[in-house]
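Residue numbering for the first sequence follows numbering that gives the first Met the number 0, beginning at 0 and increasing consecutively. For glycine and all other residues, C-beta sits at the position ideal for the given N, C-alpha and C. Note sheet for the following structure.
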Amino acid sequence: MGLEEQKRILEDEYPELARPGRAGEKRAETKRLPPLPGAEKGRVVTRFAPNPDFAMHIGNARPAILSHEYAREYRGKMILRFEDTDPRTKTPIKEAYDLIREDLKWLGVKWDEEHVQSLRMEFFYEAAREALEKGCAYIDLCGEAGRELLREGKYCKTRDNSPEWQLGEFDKMLSGVYGEKEAVVRVKTDPNHPNPSIRDWVALRIIDTSKTPHPLVGDKYIVWPTYNFAVTVDDHLMGVTHVIRAKEHEVNTEKQLFLYKCLRWEPPRFIHIGRLKLEGFILSKSFIRKIMDENPGKFWGFDDPRFGTIAGLRRRGITPEAIREVILHLGVKHTEATLSWANLASINRKILDARSDRIMFVESPRAFRVSMDKCREASIPVHPDRPETRKYRICPGDIVYLDSRDVEESPRVRLLGLDNFSVEKERSLLEMIGGGVEYARKASIPIIQWVPASRAVDVKVLKPEGLELVESRGVAEEAIRNYRIGDTLQFVRYGFIRIDKTGSDVTVIYTHD
RNA sequence: GCCGCGGUAGUAUAGCCAGGCCAAGUAUGCGGGCCUUUCGAGCCCGUGACCCGGGUUCAAAUCCCGGCCGCGGCACCA
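Laid out in structure tokens, this is it:
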């Protein structure tokens, strides 16, 4: 069926669809998120609560983007809260606070409020006193034995002491009377709960910050809230209505509900989503740390394009729009999802296509002398959707570079924007045969990219493949110098790339085809 | 081992709560075609799935039970 016929049928049968549309418009109608349970317009408060001990990866981006999207959809607000209450085993990294802020901004996630838990310690102490006073929590002075007792469904006898005693002991904890592991605040749940970790879970513990100082507050505090306690208190204090977090928190939700109930706080709605993996990429913090340690010099840092970190994807040329679209498409499903690279690349390609200028790049270049009757001007479109072109004056005897594979595959080629030639490999000669683009089409002569030798720039292409970075070299039109680090381009018939380094030669990272 | 959650095409997702309009929609992938001075984009056509077994019902992807498989959790981590 010819195009005209297709158009006619479309217009006859579906006139409402026949209006010319652009790719962007189609994407605008991306699927909507399912409604938030119990949400009221203007009263939704969500939060994204990362631990600043590492850069963000695409898995963390999921709750961040969903929290933002829902807040926006319901005209509510979103809170960014750094959960840095463990200076001992998950020590926060000072730089990570900014890295996360940067990544979020880049992803288009805008937050309305920001808090840092290590700067809110008084609130946690206050809440602890309230819990102690109301009999929702107690001080466990049994040390290691306390945990053992709970494992057997029993508990430390201090559980039954009066609120006055509890408050008194809490002050002693704060003033440094007890060392690590000697005293701990527990929330009363059910000492016989089938899940032992839920039995009277720990709300605050002592961390000797003279040994393991906190990057923000040093050794100012020794009594630190645990994740579950800090989260519950802050979600309540900040009026969070909807918590969207990974499903590894399901048990935590159950723990937290005991506190909400005892303190008569209204709990938010909890939505648990599955973890997200990206095909062919490593996301795990610990694994990234490990391979970086084991292979000094091999990786570039958090933003290595071989990692599934936000910074890595950015450096590779993935757009925030594509990440957002993919994540919204995933929705709030409970199951684990493995994002296929092909899918991400496809969405990204459509976005990049519109905004990436075209440059001719030749991999493994081979020089050919042009043989023709007179000088000619070649016009290379900067972008197929726009009229601008780059002009090259090519004269008999000039040298051009062609991809050696292209000349292997065909005895005749059309140099894009110039003319048709027959290839004489032995003499490294291109003999003009003319005939225009119509002839090239009809005769199935491949239209290939080429680079004038007099105006070629050396280019190094780095292609991430698993844990390797495959390097190849070639030449590109000198027009590549018009672009800066961070710009994306399409190398004609090669793929999309992002400029990573400029200098005497140019280093680019291969994004995808 | 113990607790919890889930299983729709190669991948991802819609539908499941409120059973029929679902011989299952969409994206991507794959095959074919159109268009095009790129093997890109766009357009058209095609391909391909309800984990298995029982039950309830006039009717089940949807509800119930069992099995299998997958995932999460079982910290004084977040």
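Just curious, the beta strand (DSSP E) that ILE358 is in, first and last residue? What you label residue 358 is simply residue 359 of the first sequence in a count that begins at 1. Taken as a continuous stretch (DSSP letters only), the beta strand (DSSP E) holding ILE358 covers 356–358.
Got a sec? Which residues, its chain only, sit under 7 angstroms from VAL381 by beta carbon, not counting five neighbours each side? Locating residue 381 in the first sequence gives position 382, counting from the first residue. Within the same chain, VAL381 has close Cβ partners ASP356, ARG357, GLU387, THR388 and ARG389.
First and last residue of the uninterrupted beta strand (DSSP E) at GLY494: For the purposes of this step, residue 494 is taken as the residue at position 495 of the first sequence. Per DSSP, GLY494 belongs to the beta strand (DSSP E) from 494–500.
What do you reckon, are the CB atoms on LEU351 and THR510 nearer than 9 angstroms? Taking the first residue of the first sequence as position 1, residue 351 is located at position 352. Taking the first residue of the first sequence as position 1, residue 510 is located at position 511. Yes, the Cβ-Cβ distance between LEU351 and THR510 is below 9 angstroms.
Out of curiosity, what's the CA-to-CA distance linking VAL232 and LEU327? In the first sequence, residue 232 corresponds to position 233, counting from 1. In the first sequence, residue 327 corresponds to position 328, counting from 1. Going by the C-alpha atoms only, they are around 29 angstroms apart.
Am I right that GLU376 and ARG392 are in contact with their C-beta atoms under 8 angstroms? What's the rounded C-beta distance? As a working mapping, residue 376 is identified with position 377 in the first sequence. As a working mapping, residue 392 is identified with position 393 in the first sequence. Sure, about 5 angstroms apart at Cβ, within 8 angstroms.
Exposed or buried, what is ASP504 when buried is set at 16 or more other beta-carbons lying within 10 Å of its beta-carbon? The residue given as residue 504 occupies position 505 in the first sequence. It is exposed - the Cβ of ASP504 has fewer than 16 other Cβ atoms within 10 Å.
Which residues mark the beginning and the end of the alpha helix (DSSP H) in which HIS382 is found? In the first sequence, the residue the question calls residue 382 occupies position 383. Run containing HIS382: none; DSSP gives neither H nor E here.
If you draw a straight line from the alpha carbon of GLN448 to that of HIS114, how long is it in whole angstroms? Residue mapping note: residue 448 aligns to position 449 of the first sequence, counting from 1. Residue mapping note: residue 114 aligns to position 115 of the first sequence, counting from 1. Cα to Cα, the separation comes out at about 53 angstroms.
Report the three-state DSSP secondary structure of LEU468 (helix, strand or coil). Taking the first sequence and counting its residues from 1, one reaches residue 468 at position 469. The answer is strand: DSSP assigns LEU468 an E or B state.
Looking at C-beta atoms only, is the number of pairs between the segment 120–127 and the segment 337–348 that lie closer than 8 angstroms three or more? no
Measuring only the C-alpha atoms, how far is THR487 from ARG426? Within the first sequence, numbered from 1, the residue matching residue 487 stands at position 488. Within the first sequence, numbered from 1, the residue matching residue 426 stands at position 427. About 37 angstroms.
With a cut-off of 8 angstroms, do at least 3 Cβ pairs link the segment 131–149 to the segment 176–193? yes
Output the distance between the C-alpha atoms of LEU32 and TRP200, rounded to the nearest integer angstrom. As a first step, residue 32 must be located in the first sequence, where it is residue number 33. As a first step, residue 200 must be located in the first sequence, where it is residue number 201. Going from the Cα of LEU32 to the Cα of TRP200 covers about 35 angstroms.
Based on the DSSP secondary-structure assignment, which residues constitute the bridge partners of THR487? Locating residue 487 in the first sequence gives position 488, counting from the first residue. Answer is ARG497, bridged to THR487.
Taking only three categories from DSSP, how would you classify ILE317? The residue you call residue 317 lines up with position 318 of the first sequence. Here ILE317 sits in coil by DSSP.
Mind checking which residues open and close the alpha helix (DSSP H) that includes LEU256? On the first sequence, residue 256 is found 257 positions in, with the first residue counted as 1. Looking at the DSSP string, the run of the alpha helix (DSSP H) that includes LEU256 is 249–262.
Would you call the segment 272–283 and the segment 49–67 in contact, with 3 or more CB pairs under 8 angstroms? yes
Relative to the alpha-carbon of GLU430, which residue among ARG385, LYS349, ALA202 and CYS394 has its alpha-carbon at the smallest distance? Sequence index remark: in the first sequence, residue 430 carries index 431 (1-based). Of ARG385, LYS349, ALA202 and CYS394, the residue nearest in Cα terms is CYS394.
Just list the residues that DSSP pairs TRP223 with in beta bridges. Stepping through the first sequence from its first residue, residue 223 is reached at position 224. According to DSSP, which records beta bridges pairwise, TRP223 is partnered with ARG204.
MET431 bridges to which residues according to DSSP? What you label residue 431 is simply residue 432 of the first sequence in a count that begins at 1. The partner list for MET431 (beta bridge, DSSP) reads PHE420.
Expressed to the nearest angstrom, what Euclidean distance is found between the alpha-carbon atoms of ARG244 and PRO62? Along the first sequence, one-based indexing puts residue 244 at 245. Along the first sequence, one-based indexing puts residue 62 at 63. Roughly 6 angstroms between the two C-alpha positions.
Would you decide whether PRO383 is buried or exposed? Buried here means 16 or more other CB atoms lie within 10 Å of its CB. On the first sequence, position 384 is the one that residue 383 refers to. Its Cβ having fewer than 16 others within 10 Å, PRO383 is exposed.
Output needed for VAL436: all residues of its chain with C-beta closer than 8 angstroms, excluding positions within five of it in sequence on either side, in chain order. Stepping through the first sequence from its first residue, residue 436 is reached at position 437. Only ARG413 and ILE446 meet the Cβ criterion.
How close, in whole Å, do the beta carbons of VAL369 and ASP397 come, if the pair is a contact with beta carbons under 8 angstroms? Numbered from its first residue, the first sequence carries residue 369 at position 370. Numbered from its first residue, the first sequence carries residue 397 at position 398. About 5 angstroms; that satisfies the 8 angstroms criterion.
So, under 8 angstroms CB-CB, LEU468 and ILE309 are touching, yes? Tell me the CB distance rounded to an integer number of Å. Here residue 468 refers to the residue found at position 469 when the first sequence is read from its first residue. Here residue 309 refers to the residue found at position 310 when the first sequence is read from its first residue. 19 angstroms between Cβ atoms; not a contact.
Just verifying my parser: in three-state terms, what is the DSSP assignment at LYS516? Lying before the first or after the last residue shown, residue 516 is absent from the chain, which here runs from 0 to 512.
Assigned secondary structure, GLU132 (DSSP; H/G/I helix, E/B strand, else coil): Residue mapping note: residue 132 aligns to position 133 of the first sequence, counting from 1. The answer is helix: DSSP assigns GLU132 an H, G or I state.
Going by DSSP, what residue range makes up the alpha helix (DSSP H) through GLU387? Looking up residue 387 in the first sequence gives position 388. First-last for GLU387: undefined, no H or E at that position.
Mind the definition here: the segment 213–222 touches the segment 160–168 only if three or more C-beta pairs lie below 8 angstroms; say whether that holds. no
Considering ALA366, what are the terminal residues of the beta strand (DSSP E) in which it resides? In the first sequence, counting from the first residue as 1, residue 366 sits at position 367. First-last of the beta strand (DSSP E) with ALA366: 364–370.
In angstroms with no decimal places, state the Cα-to-Cα distance between ARG440 and ASP405. Within the first sequence, the letter at position 441 stands for residue 440. Within the first sequence, the letter at position 406 stands for residue 405. Going from the Cα of ARG440 to the Cα of ASP405 covers about 16 angstroms.
How far does the alpha helix (DSSP H) with ILE281 in it extend, from its first residue to its last? Position 282 of the first sequence, counted from the first residue, corresponds to residue 281. Here ILE281 belongs to no alpha helix (DSSP H), and DSSP marks it neither H nor E.
Can you tell me the Cα-Cα spacing of GLU253 and LEU329, whole angstroms? Along the first sequence, read from residue 1 onward, the residue named residue 253 stands at position 254. Along the first sequence, read from residue 1 onward, the residue named residue 329 stands at position 330. Going from the Cα of GLU253 to the Cα of LEU329 covers about 25 angstroms.
Which one or two residues does DSSP pair with LYS459 in a beta bridge? In the first sequence, counting from the first residue as 1, residue 459 sits at position 460. ARG472 and THR506, per the DSSP bridge assignment.
Close beta carbons around LEU79, own chain, < 6 angstroms, minus the five adjacent residues each side: Here residue 79 refers to the residue found at position 80 of the first sequence. If we look at LEU79 and ignore the five residues flanking it on each side, its Cβ neighbours are PHE47, TRP110 and GLU113.
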